[in-house]
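S.K.: The following block contains the structure, expressed as structure tokens.
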Amino acid sequence: MFSQAKLASIALFFGAARAGTKLWDGSFNAFSTVADFDKWSWANEVGTYQWYIHGSQPTSHYLALDPAYKNPADTAEVHGLRVTIDSTATWNSNMERSVTELIPQTTENLGQGNLFYHFSISHPSTNLPDSTLEHQILFFESHFTELKYGVGPNPTDLEWHVSSQPQWSTPFVPGQWYNFAYDIDFSAGTVGLWASNGSDPLVKVHDNIPASTSTNSEDFHVGVLRIVNTPQPEDWYISGVYIENGPITTTIGSGSSPAPPPSSTPTSVPTSSPTSVPPTSVPPSTTTSVPGPLQSQWGQCGGTGYTGPTACASPFTCKAVSPPYYYQCQ
Numbered sequence: 002m003f004s005q006a007k008l009a010s011i012a013l014f015f016g017a018a019r020a021g022t023k024l025w026d027g028s029f030n031a032f033s034t035v036a037d038f039d040k041w042s043w044a045n046e047v048g049t050y051q052w053y054i055h056g057s058q059p060t061s062h063y064l065a066l067d068p069a070y071k072n073p074a075d076t077a078e079v080h081g082l083r084v085t086i087d088s089t090a091t092w093n094s095n096m097e098r099s100v101t102e103l104i105p106q107t108t109e110n111l112g113q114g115n116l117f118y119h120f121s122i123s124h125p126s127t128n129l130p131d132s133t134l135e136h137q138i139l140f141f142e143s144h145f146t147e148l149k150y151g152v153g154p155n156p157t158d159l160e161w162h163v164s165s166q167p168q169w170s171t172p173f174v175p176g177q178w179y180n181f182a183y184d185i186d187f188s189a190g191t192v193g194l195w196a197s198n199g200s201d202p203l204v205k206v207h208d209n210i211p212a213s214t215s216t217n218s219e220d221f222h223v224g225v226l227r228i229v230n231t232p233q234p235e236d237w238y239i240s241g242v243y244i245e246n247g248p249i250t251t252t253i254g255s256g257s258s259p260a261p262p263p264s265s266t267p268t269s270v271p272t273s274s275p276t277s278v279p280p281t282s283v284p285p286s287t288t289t290s291v292p293g294p295l296q297s298q299w300g301q302c303g304g305t306g307y308t309g310p311t312a313c314a315s316p317f318t319c320k321a322v323s324p325p326y327y328y329q330c331q
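Here the working numbering = 1-based position in the sequence shown + 1.
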């Protein structure tokens, strides 16, 4: 097994030598205030993001821009985005869910060849995410790859899932920045994961594995969906969003444009590398004879449009949380 120091040195070498072509820039530099997000509509598709998946309150209730909301290592970005979800953030259904999400607005084909979907996330020590509830984070409409929080076996971890199956996780610590890139080979039908903390270069933490990779280029959800609606507000920070073709850029920040002068003093961030864990092994269920993969505790096991595992690992059973929309292994 490689040591963290050796992995970091390898990443530094490749980070300096490799760089892809940016196909879509999802940084928030183009937005002076959150009112700029409201300039987009179905009748006026302007800017880099579609903004319609949110609750009934004004945009400023769900989104905020500030240098404090970005990874300070990303000097190319002026400010990051704070996404807030609460009991008002229900959209387009009777599902008990809270959502605040942006969707790429682009004419580029973001679903061909080998692409890398980059982003960084963090959360403050206030308005903490509820680890008893499932969160789906920066995902595609078909959920072939995504981050999750609040699911077993380690509900306080950020877990990377492929087709609803956990593959890798790391503790989600307040105030620490987590950098990711989904390594999606649309031609081969596989997806892998690159990750790092703070200013560390990305390293590949999970090899590509088969998945039903597909996108219409406008179904990458930049935001958070919380299953089950509760009054407690949660704040999530997002920055460093962009999509490139290969080879991957492993340095944090675009590295291709001059850095703007700092508007605030960057705060120090932990630099420990994510802890990789092997895919969760689930025992055969004693209550069902359904073949195929089993869902772990707190994972989704049914609901409208759901196509993942419907059988739960023993001793858990699939229970209706918000029928007919959402069922969960408990």
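Cβ atoms here follow ideal geometry from the backbone N, Cα and C, with glycine treated the same way. Note that the structure is a prediction, hence the values are computed from the model and not measured.
1) Just verifying my parser: in three-state terms, what is the DSSP assignment at Ala-65?
2) Check whether the region 64-76 touches the region 204-211, taking contact to mean three or more Cβ pairs, one atom from each stretch, closer than 8 angstroms.
3) Tell me whether Tyr-307 sits in a helix, a strand or coil according to DSSP, three-state version.
4) Nearest-angstrom Cα distance between Glu-102 and Leu-139?
5) What residue range is occupied by the uninterrupted beta strand (DSSP E) comprising Thr-318?
6) Counting along the chain, where does the beta strand (DSSP E) carrying Ile-249 start and finish?
7) Please report the Cβ distance between Glu-78 and Gly-241, rounded to the nearest whole angstrom; I am assuming they are in contact, meaning their Cβ atoms lie under 8 angstroms.
8) Relative to the C-alpha of Gly-151, which candidate in Phe-221, Asp-131, Ser-165 and Ala-182 has its C-alpha closest?
9) State whether the region 47-62 contacts the region 179-189, with contact taken as three or more CB pairs (one from each stretch) at a distance under 8 angstroms.
10) Given that a residue counts as buried once 16 or more other Cβ atoms are within 10 Å of its Cβ, and exposed if not, what is Ser-121?
11) In the DSSP assignment, the beta strand (DSSP E) including Gln-137 goes from what residue to what residue?
12) Helix or strand or just coil, what does DSSP make of Phe-117?
13) Once the 5 residues before and after Ile-104 are set aside, which same chain residues still bring their CB inside 6 angstroms of it?
14) Using three-state DSSP, classify Phe-29 as helix, strand or coil.
15) Should the region 243-257 be regarded as contacting the region 142-158, the criterion being three or more beta carbon pairs within less than 8 angstroms?
16) Between the alpha carbons of Gly-112 and Pro-172, how many angstroms are there, rounded?
17) Between which two residues does the beta strand (DSSP E) holding Glu-219 run?
18) Which residue wins for smallest C-alpha separation from Gly-48, given the options Thr-60, Asn-30 and Gln-58?
19) Based on the DSSP output, what are the partners of Lys-149 in its beta bridges?
20) List the endpoints of the continuous beta strand (DSSP E) containing Asn-198.
21) Quick one: using the 10 Å Cβ neighbour count with 16 as the cut-off for buried, is Gln-296 buried or exposed?
22) Measure how close the beta-carbons of Phe-187 and Thr-214 come, nearest whole angstrom, since I'm counting them as under 8 angstroms.
23) Quick check: Trp-237 and His-124, are their CB atoms within less than 8 angstroms of each other?
24) Is DSSP giving Lys-40 helix, strand or coil here?
25) Measuring only the C-alpha atoms, how far is Glu-109 from Asn-230?
26) Quick one: grab the DSSP three-state call for Ser-273.
M.R.: A quick look at the data gives this:
1) For the purposes of this step, residue 65 is taken as residue 64 along the sequence shown, with counting starting at 1. Note: Ala-65 maps to strand in three-state DSSP.
2) no
3) By one-based count along the sequence shown, residue 307 stands at place 306. Reduced to three states, the DSSP call for Tyr-307 is coil.
4) Numbered from 1 along the sequence shown, position 101 holds the residue referred to as residue 102. Numbered from 1 along the sequence shown, position 138 holds the residue referred to as residue 139. Distance between the alpha carbons of Glu-102 and Leu-139: 9 angstroms.
5) Position 317 of the sequence shown, counting from 1, holds the residue named residue 318. Looking at the DSSP string, Thr-318 is not in any beta strand (DSSP E), and its letter there is neither H nor E.
6) The residue given as residue 249 occupies position 248 in the sequence shown. First-last for Ile-249: undefined, no H or E at that position.
7) Numbered from 1 along the sequence shown, position 77 holds the residue referred to as residue 78. Numbered from 1 along the sequence shown, position 240 holds the residue referred to as residue 241. Going by Cβ atoms, the distance from Glu-78 to Gly-241 rounds to 7 angstroms, so yes, they are a contact pair.
8) The residue labelled residue 151 in the question sits at position 150 within the sequence shown. Comparing Cα positions, the closest option is Asp-131.
9) With the cut-off at 8 angstroms, the region 47-62 and the region 179-189 do not touch.
10) As a working mapping, residue 121 is identified with position 120 in the sequence shown. With 16 or more Cβ atoms within 10 Å of its Cβ, Ser-121 is classed as buried.
11) For the purposes of this step, residue 137 is taken as the residue at position 136 of the sequence shown. That run of the beta strand (DSSP E) goes 136-141.
12) Translated into positions along the sequence shown, residue 117 becomes position 116. DSSP places Phe-117 in the strand class (E or B) of the three-state scheme.
13) Here residue 104 refers to the residue found at position 103 when the sequence shown is read from its first residue. Gln-51 and Glu-219.
14) Along the sequence shown, read from residue 1 onward, the residue named residue 29 stands at position 28. Coil, per DSSP.
15) no
16) Here residue 112 refers to the residue found at position 111 of the sequence shown. Here residue 172 refers to the residue found at position 171 of the sequence shown. Answer to the nearest angstrom: the Cα atoms are 30 angstroms apart.
17) Indexing the sequence shown from 1 puts residue 219 at position 218. That residue, Glu-219, is in no beta strand (DSSP E); it is neither H nor E in DSSP.
18) Indexing the sequence shown from 1 puts residue 48 at position 47. The option with the nearest alpha carbon to Gly-48 is Asn-30.
19) The count along the sequence shown starts at 1 and reaches residue 149 at position 148. DSSP, once it has assigned bridges, lists Gln-137 and Glu-160 as partnering Lys-149.
20) The residue given as residue 198 occupies position 197 in the sequence shown. Element bounds for Asn-198: 191-198.
21) Mapped onto the sequence shown, residue 296 falls at position 295. Its Cβ being crowded by 16 or more others within 10 Å, Gln-296 is buried.
22) Working through the sequence shown from its first residue, we reach residue 187 at position 186. Working through the sequence shown from its first residue, we reach residue 214 at position 213. Going by Cβ atoms, the distance from Phe-187 to Thr-214 rounds to 5 angstroms, so yes, they are a contact pair.
23) By one-based count along the sequence shown, residue 237 stands at place 236. By one-based count along the sequence shown, residue 124 stands at place 123. The answer is yes: Cβ separation under 8 angstroms.
24) Position 39 of the sequence shown, counted from the first residue, corresponds to residue 40. Three-state DSSP puts Lys-40 in a helix.
25) As a working mapping, residue 109 is identified with position 108 in the sequence shown. As a working mapping, residue 230 is identified with position 229 in the sequence shown. Straight-line Cα distance between these residues: approximately 35 angstroms.
26) Start at 1 with the first residue of the sequence shown, and residue 273 comes out as number 272. Note that Ser-273 has pLDDT 35, beneath the 50 cutoff, so the model's placement of it is unreliable and no number is given.
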